[in-house]
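Working notes, structure below.
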């Protein structure tokens with residue numbers, strides 16, 4: 009059974025701090041080619057900043073990105089998933105909480121960030137391998 013830790017192992021943990029500006033967070037997201045980033049305070053998870061937050065809480069609210077701390081406009085109420093959760097449990101959590109990103113926890117410590125894209129890519133690779141094995145088996149009969 010596949011676990012969340014199987015997807016996130018050996019990954020760097022990218023984040024911004026609450027006091028960093030929205031402009032700094034947006035630049036880091038653009039450099040990493042991601043749509044959301046973890047926000048930490050004193051090495052503890054405090055929220056997630058996403059493109060949706062940027063649009064709704066900064067652009068539409070006419071706030072200045074170079075002066076606005078990301079901690080003022082991030083999403084604080086976030087769902088998380090444990091690193092030993094199954095892939096199916098992670099998908100269900102995203103469905104239930106209507107989100108595309110989940111911070112991955114090991115106890116009280118954030119150890120990763122999982123996206124819907126990560127889950128789809130993992131499942132596609134797994135299904136392709138299954139298909140290849142089935143074709144090889146059928147071809148050998």
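Numbering (our numbering), first residue to last: 9 to 149.
Glycine residues also receive a C-beta, built at the ideal position from the N, C-alpha and C atoms.
Values in this document were obtained by computation on a predicted structure and should not be read as measured data.
For residue 148, the enclosing alpha helix (DSSP H) begins and ends at 124–148. No Cβ-Cβ contact shorter than 8 Å links residue 54 with residue 62. Secondary structure remark: continuous alpha helix (DSSP H) runs of at least 4 residues inside the stretch 40–106, in chain order: 95–105.
Distance from the CA of residue 102 to the CA of residue 145, rounded to the nearest whole angstrom, comes to 35 Å. Cβ-Cβ distances below 7 Å link residue 19 to 120 in the same chain, with the five nearest sequence neighbours on each side left out; the list follows chain order. Proximity to residue 78 across 17, 112, 66, 89 peaks at 66, based on C-alpha coordinates.
Approximately 5 Å separates the beta-carbon atoms of residue 15 and residue 130; this is inside 8 Å, confirming the contact. As the crow flies, the alpha-carbon of residue 72 is around 24 Å from that of residue 22. In the three-state reduction of the DSSP assignment, residue 37 falls in the helix class, which pools H, G and I. Scanning its chain for C-beta atoms nearer than 7 Å, with the 5 sequence neighbours on each side dropped, one finds around residue 82 the residues 47, 55, 56, 57, 61, in chain order. 8 Å or more divides the Cβ of residue 93 from the Cβ of residue 127. The alpha carbon of residue 109 has as its nearest neighbour, out of 132, 74, 85, the alpha carbon of 85.
Rounded to whole angstroms, the separation of the alpha carbons of residue 59 and residue 89 is 21 Å. Each of 31, 33, 91 was checked against the Cα of residue 114, and the nearest Cα belongs to 91.
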